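Peer 1:
Number of protein chains: 2
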Amino acid sequence: MKLLSVGTVAFDAIETPFGKTDKILGGAATYIGLAASVLETDVHLVSVVGGDFPDEYLKMMERKNINVEGVEIVKDGKTFFWAGKYHNDLNTRDTLVTELNVLENFDPKIPENTADADILMLGNLHPGVQLAVLERMKKRPKLVVLDTMNFWMNHTWDLLMEVIAKTDVITINDEEARQLSGEYSLVKAAKKIHSLGPQYVIIKKGEHGALLFHEAKVFALPALLLEDVFDPTGAGDTFAGGFVAHLAKHEKFDFQTMKNALVVGSAMASFTVEKFGTEKIKEVTPQMLKERINRLKQLTSFEEVL
Amino acid sequence: MKLLSVGTVAFDAIETPFGKTDKILGGAATYIGLAASVLETDVHLVSVVGGDFPDEYLKMMERKNINVEGVEIVKDGKTFFWAGKYHNDLNTRDTLVTELNVLENFDPKIPENTADADILMLGNLHPGVQLAVLERMKKRPKLVVLDTMNFWMNHTWDLLMEVIAKTDVITINDEEARQLSGEYSLVKAAKKIHSLGPQYVIIKKGEHGALLFHEAKVFALPALLLEDVFDPTGAGDTFAGGFVAHLAKHEKFDFQTMKNALVVGSAMASFTVEKFGTEKIKEVTPQMLKERINRLKQLTSFEEVL
Chain B
1 MKLLSVGTVA FDAIETPFGK TDKILGGAAT YIGLAASVLE TDVHLVSVVG GDFPDEYLKM
61 MERKNINVEG VEIVKDGKTF FWAGKYHNDL NTRDTLVTEL NVLENFDPKI PENTADADIL
121 MLGNLHPGVQ LAVLERMKKR PKLVVLDTMN FWMNHTWDLL MEVIAKTDVI TINDEEARQL
181 SGEYSLVKAA KKIHSLGPQY VIIKKGEHGA LLFHEAKVFA LPALLLEDVF DPTGAGDTFA
241 GGFVAHLAKH EKFDFQTMKN ALVVGSAMAS FTVEKFGTEK IKEVTPQMLK ERINRLKQLT
301 SFEEVL
Chain D
307 MKLLSVGTVA FDAIETPFGK TDKILGGAAT YIGLAASVLE TDVHLVSVVG GDFPDEYLKM
367 MERKNINVEG VEIVKDGKTF FWAGKYHNDL NTRDTLVTEL NVLENFDPKI PENTADADIL
427 MLGNLHPGVQ LAVLERMKKR PKLVVLDTMN FWMNHTWDLL MEVIAKTDVI TINDEEARQL
487 SGEYSLVKAA KKIHSLGPQY VIIKKGEHGA LLFHEAKVFA LPALLLEDVF DPTGAGDTFA
547 GGFVAHLAKH EKFDFQTMKN ALVVGSAMAS FTVEKFGTEK IKEVTPQMLK ERINRLKQLT
607 SFEEVL
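Residue numbers (this note's numbering), protein chains in the order written: chain B, 1 to 306; chain D, 307 to 612.
#1: Applying the criterion that 16 or more other CB atoms from any shown protein chain within 10 Å of the CB defines a buried residue, is D/His393 buried or exposed?
#2: Could you compute how far the alpha carbon of D/Phe525 sits from the alpha carbon of D/Gly548?
#3: Would you give the residue range spanned by the beta strand (DSSP E) that D/Met427 belongs to?
#4: Assign B/Asn91 to one of three DSSP states: helix, strand, or coil.
#5: Whose C-beta lies closer than 7 Å to the C-beta of D/Lys586 among residues of the same chain, with five residues either side of it excluded?
#6: Hey, D/Glu489 and B/Gln256: beta-carbon distance below 8 Å or not?
#7: Residues in its own chain within less than 6 Å of D/Glu557 by CB, not counting five upstream and five downstream?
#8: CB-CB under 7 Å to B/Met61, same chain, minus the five flanking residues each way: which ones, in chain order?
#9: Using the Cβ count rule (16 or more neighbours within 10 Å means buried), how would you classify D/Leu402?
#10: Out of D/Leu440, D/Arg442, D/Pro433 and D/Val439, state which residue places its alpha-carbon closest to the alpha-carbon of D/Asn456.
#11: Report the rounded CA-to-CA distance for D/Glu418 versus D/Asn371, giving the unit in angstroms.
#12: What three-state label does DSSP hand D/Lys444 in the structure shown?
#13: Taking the C-alpha atoms as reference points, what is the distance between B/Glu104 and B/Val284?
#14: So that I know if they touch, is there some Cβ in chain B lying closer than 8 Å to that of D/Asn456?
#15: Between which residues of its own chain and B/Pro141 is the CB-CB distance below 7 Å, once the five residues before and five after are set aside?
#16: Mind checking the stretch 483-496 of chain D against chain B and listing, in chain order, the residues whose C-beta falls within less than 8 Å of any C-beta there?
#17: Could you tell me which residues DSSP puts in a beta bridge with B/Glu72?
#18: Just curious, the alpha helix (DSSP H) that B/Glu162 is in, first and last residue?
#19: Enumerate, from N- to C-terminal direction, the unbroken beta strand (DSSP E) stretches of 3 or more residues contained entirely within the stretch 511-581 of chain D.
#20: Strictly below 7 Å CB to CB, what residues from chain B border D/Leu310?
#21: Beta-carbon within less than 7 Å of B/Val201's beta-carbon, same chain only, minus the 5 sequence neighbours each way: which residues are those?
#22: Taking just the CA atoms, how far does B/Asp12 sit from B/Asp94?
#23: Note the first and the last residue of the continuous beta strand (DSSP E) segment covering D/Phe311.
#24: Residues of chain B with CB under 9 Å from D/Gln562, in chain order?
#25: Could you work out which residues of chain B lie near D/Asp534, taking near to mean beta carbons separated by less than 9 Å?
#26: Where does the unbroken beta strand (DSSP E) through D/Lys588 begin, and where does it stop?
#27: Going straight from the alpha carbon of D/Gly357 to that of D/Leu364, what length do you get?
#28: Run through chain D and tell me which residues come within less than 7 Å of B/Leu247, C-beta to C-beta.
#29: At a cut-off of 7 Å, is B/Ala235 close to the ligand ATP when judged by its beta-carbon and the heavy atoms of the ligand?
#30: I'd like to know whether the C-beta atoms of D/Val312 and D/Ala341 end up nearer to each other than 8 Å.
#31: Compute the distance between the beta-carbons of B/Leu3 and B/Val43, then report whether it is under 8 Å.
#32: In chain D, which residues lie less than 7 Å from B/Val263 when you measure between Cβ atoms?
#33: Report the residue from D/Thr454, D/Gly332, D/Gly383 and D/Val344 whose alpha carbon sits nearest the alpha carbon of D/Gly555.
#34: Taking its Cβ as the centre, do 16 or more other Cβ atoms sit within 10 Å of B/Gln298, making it buried, or is it exposed?
#35: For D/Leu531, which residues in chain B fall below 8 Å Cβ to Cβ?
#36: So that I know if they touch, is there some Cβ in chain D lying closer than 8 Å to that of B/Ile32?
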């Protein structure tokens, strides 16, 4: 299946307790594309960058068979830039700089060969842009997956509700699920979010793993235990990328396949956090992924108890 | 196998967002005993109460075949009393009252028929008392399981280190594991705690489940998802009770059995939080437990992915 990922392609500058970087490659669509490429998915990006964006980054993605035809280059503009500093626990961070630049007037253009994608992965972006993409598809994709964050709940509530209503799967973290639903219990939160549109609700809990809700069914997956988390930037996007890539590969959207997709996304994300930015995820092979999935299986399985 | 649980038998007064209680039955040994009785374990309690402790509570435990011969009654003393108020998220609480009463001079007396227990579950108590119990056993139990908390790390560090060194399994929450080890990464924390003595390290993460570490092996179990958590009091003790009861029943202490014991403890704890105090756990049948274990299996299992 053809997969379209819409989202940022950006520069990040990251500071963690273990070091800091200058401007490096980042952005939701970048991580999603790189994760999808590990599964050799037919993945297309729609995004925007400035004239300052190094051609080598696009070339690197092309070599991984990521279709970047839909990444618009605004010659006289500057690429979206985010700088952040993580606290010691790596679970919280301060945003130091947000320069929207070309993202401010991003008017997504979807190439002909991309507009018929079967799966649309809407990476974290202004919900108005996400809606525009949905409207510009040739036909309604078979599956629409949405990632969003608290910022859009605080600033663009109505537009966000509109895009959520058109979504099949939403990925969101636990605090955001609570904010979106007004419920503390995640079971109740998921129910409320179901009622807003999405049939599948994925709640990401970082080091505590992820939950998948569908009708009365739930699946809980712990995160792989890593000796060190080096840089959490992009983990959620990598997760989403692995998740949709698995669905694109298996061409099924039932609960069983969604569960497995969650496992793939989680295994994929465990790579991203081991190095700065995209450094690790761009080196991952299918064999490495398989090994991580086996570790997840070992970590979580138990035999008959009583 | 014979199981001895040493810990408090107490009065609790609890306030949650859903209501409040007067003085009700509480205490670590109480929850451990009640949980163990669900598995029809030969469980003995060693504790102390005052003359104000209702005989009906001891009778109730006796009816469940909990041996309470070792619960000393100090006629002219008052029973340990704790009062606490949970915050809205139920993950944090304020202690309103702590009256040690008879616990202040607790000098544990172990009945003849109890001192040869195979498994010793040291519930959360002053580590000096825990050490005294260990010394008063007829022989070193086959397995010593320790529960403790940050309070003892802050106030009785050296004694705590001494009892930890004599322990086979330690159960501790994530924040306490970090405090005890000085490591933020739970993988590193578990390694350090292993080096203090325990071969098995269990890290409890409340709504996020629990982790079991042994040598290079890890097992991660999410918590059952409950629509509502009503009162978390005693959940950790109930977990410990289910855990040791499973071991006593299966008479094996290998990793596989420990994993299953973690599942039993977790399923057991999911009952306690559904009502105030011991209200729910004392009504649990083996069949109800089995059903919860099946739910945990369903919640966590996935098929071959790639």
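From the three backbone atoms N, C-alpha and C, an ideal C-beta is built for every residue, glycine too. In this text the structure is predicted, and so the values were computed from the model without any measurement.
Peer 2: Taking the geometry as given:
#1: On the second sequence, position 87 is the one that residue 393 of chain D refers to. The residue is exposed, with fewer than 16 neighbouring Cβ atoms inside 10 Å.
#2: For this step, residue 525 of chain D is matched to residue 219 along the second sequence. For this step, residue 548 of chain D is matched to residue 242 along the second sequence. D/Phe525 and D/Gly548: Cα-Cα distance of roughly 17 Å.
#3: Position 121 of the second sequence, counting from 1, holds the residue named residue 427 of chain D. That run of the beta strand (DSSP E) goes Ile425 to Leu428.
#4: Counting from 1 along the first sequence, the entry for residue 91 of chain B is found at position 91. Looking at B/Asn91 - three-state DSSP - the assignment turns out to be coil, as it is neither helix nor strand.
#5: Translated into positions along the second sequence, residue 586 of chain D becomes position 280. Phe577, Thr578 and Glu580, listed in sequence order.
#6: Against the second sequence, residue 489 of chain D aligns to sequence position 183. Against the first sequence, residue 256 of chain B aligns to sequence position 256. No; because the gap between Cβ atoms is not below 8 Å, this pair is not in contact.
#7: The sequence position of residue 557 of chain D within the second sequence is 251, counting from 1. Closer than 6 Å at Cβ, skipping near neighbours: Met307.
#8: As a first step, residue 61 of chain B must be located in the first sequence, where it is residue number 61. Hits under 7 Å: Gly33 and Val68.
#9: Sequence index remark: in the second sequence, residue 402 of chain D carries index 96 (1-based). Exposed, by the Cβ-count rule.
#10: Taking the first residue of the second sequence as 1, we reach residue 456 of chain D at position 150. Nearest of D/Leu440, D/Arg442, D/Pro433 and D/Val439 to D/Asn456, Cα basis: D/Pro433.
#11: Along the second sequence, read from residue 1 onward, the residue named residue 418 of chain D stands at position 112. Along the second sequence, read from residue 1 onward, the residue named residue 371 of chain D stands at position 65. Approximately 18 Å, taken between the alpha carbons.
#12: Reading the second sequence from its first residue, position 138 is the one you call residue 444 of chain D. D/Lys444 falls in the coil class under three-state DSSP.
#13: Walking along the first sequence from the start, residue 104 of chain B turns up at place 104. Walking along the first sequence from the start, residue 284 of chain B turns up at place 284. Each residue's Cα considered, the two are about 33 Å apart.
#14: For this step, residue 456 of chain D is matched to residue 150 along the second sequence. Answer no: the Cβ-Cβ gap between D/Asn456 and chain B never drops below 8 Å.
#15: The residue given as residue 141 of chain B occupies position 141 in the first sequence. Excluding sequence neighbours, B/Pro141 sits near Ala117, Asp118, Ile119 and Leu120.
#16: Tyr490, Ser491, Leu492, Val493 and Lys494
#17: Numbered from 1 along the first sequence, position 72 holds the residue referred to as residue 72 of chain B. B/Val48, per the DSSP bridge assignment.
#18: Residue 162 of chain B sits at position 162 when you count from the first residue of the first sequence. That run of the alpha helix (DSSP H) goes Trp157 to Ala165.
#19: 516-520 and 523-527
#20: Sequence index remark: in the second sequence, residue 310 of chain D carries index 4 (1-based). Neighbours of D/Leu310 on chain B: none; closest Cβ ~23 Å, over 7 Å.
#21: Here residue 201 of chain B is taken as the residue at index 201 of the first sequence, counted from 1. Same-chain partners within the cutoff: Ile170, Ala190, Ile193, His194 and Phe213.
#22: In the first sequence, counting from the first residue as 1, residue 94 of chain B sits at position 94. In the first sequence, counting from the first residue as 1, residue 12 of chain B sits at position 12. Rounded to the nearest angstrom, the two C-alpha atoms are 13 Å apart.
#23: Position 5 of the second sequence, counting from 1, holds the residue named residue 311 of chain D. The residue asked about is misnamed: residue 311 of chain D is Ser in this sequence, not Phe. That run of the beta strand (DSSP E) goes Lys308 to Val312.
#24: The residue given as residue 562 of chain D occupies position 256 in the second sequence. Ordered by position in chain B, the residues that pass the 9 Å Cβ test against D/Gln562 are Phe302 and Glu303.
#25: Your numbering for residue 534 of chain D matches position 228 in the second sequence. Here the neighbours are Ser185, Val187 and Lys188.
#26: Here residue 588 of chain D is taken as the residue at index 282 of the second sequence, counted from 1. Counting along the chain, D/Lys588 falls outside any beta strand (DSSP E), and DSSP gives it neither H nor E.
#27: Here residue 357 of chain D is taken as the residue at index 51 of the second sequence, counted from 1. Here residue 364 of chain D is taken as the residue at index 58 of the second sequence, counted from 1. Cα to Cα, the separation comes out at about 12 Å.
#28: As a working mapping, residue 247 of chain B is identified with position 247 in the first sequence. Those within 7 Å of B/Leu247 in chain D number zero; the least Cβ separation is about 12 Å.
#29: The model on display carries no ligand, and the ligand ATP is accordingly not part of it.
#30: Walking along the second sequence from the start, residue 312 of chain D turns up at place 6. Walking along the second sequence from the start, residue 341 of chain D turns up at place 35. Not closer than 8 Å, so no.
#31: The count along the first sequence starts at 1 and reaches residue 3 of chain B at position 3. The count along the first sequence starts at 1 and reaches residue 43 of chain B at position 43. Yes, Cβ-Cβ distance for B/Leu3 and B/Val43 is below 8 Å.
#32: Working through the first sequence from its first residue, we reach residue 263 of chain B at position 263. By Cβ distance, chain D contributes Phe608 and Val611.
#33: Start at 1 with the first residue of the second sequence, and residue 555 of chain D comes out as number 249. Residue identity check: residue 555 of chain D is Lys in the sequence provided, not Gly. When only C-alpha atoms are compared, the closest one is D/Val344.
#34: Walking along the first sequence from the start, residue 298 of chain B turns up at place 298. By the neighbour-count rule (16 or more Cβ atoms within 10 Å), B/Gln298 is not buried but exposed.
#35: Locating residue 531 of chain D in the second sequence gives position 225, where the first residue counts as 1. By Cβ distance, chain B contributes Leu186, Val187, Leu211, Val218 and Ala220.
#36: As a position in the first sequence, residue 32 of chain B is number 32, starting the count at 1. B/Ile32 does not count as touching chain D.
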